[in-house]
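> Under our numbering, read the sequence shown as residues 836 to 929, first letter to last.
Virtual Cβ for every residue (Gly too), placed ideally from N, Cα, C.
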Amino acid sequence: MDKTGTGDLGFAIGTGTDVAMEAADITLMRGDLRGVAASIKLSRATMRNIKQNLFWALIYNTLGIPVVTNALRLRFDPYRDFRREGKISYRLVP
């Protein structure tokens, strides 16, 4: 497959022209090309961190919301005292 002329990411070096720096996705402030590898490594670490945060947020919300909902329902149940005293019957009268 020919990949000539296509790219997913544009780099510019800070010593280049202003037009190149405006058009680039990433601008390296120094003229050292090792910054390309460092920026790719940093972006991968950032994406890994984002995925981990989304995973733990899903787990937290999946477990936390039902627990809090049940706790609030038990705490603020308006008929709780009546059921304790036996004043409310759960039987269906035909």
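1) Taking the C-alpha atoms as reference points, what is the distance between A859 and V902?
2) Provide the residue span of the beta strand (DSSP E) that contains F846, from first to last.
3) Hey, quick one: how far does the beta strand (DSSP E) through T862 stretch, first residue to last?
4) By the three-class DSSP mapping on this structure, what secondary structure does G870 have?
5) Just mark L907 as buried or exposed, buried being the case when its beta carbon has 16 or more other beta carbons within 10 Å.
6) Compare the Cα-Cα distances from A847 to each of R883, T862 and D853 and report the closest residue.
So, from the listed chains and residues:
1) 48 Å
2) F846 to I848
3) I861 to L863
4) helix
5) exposed
6) T862
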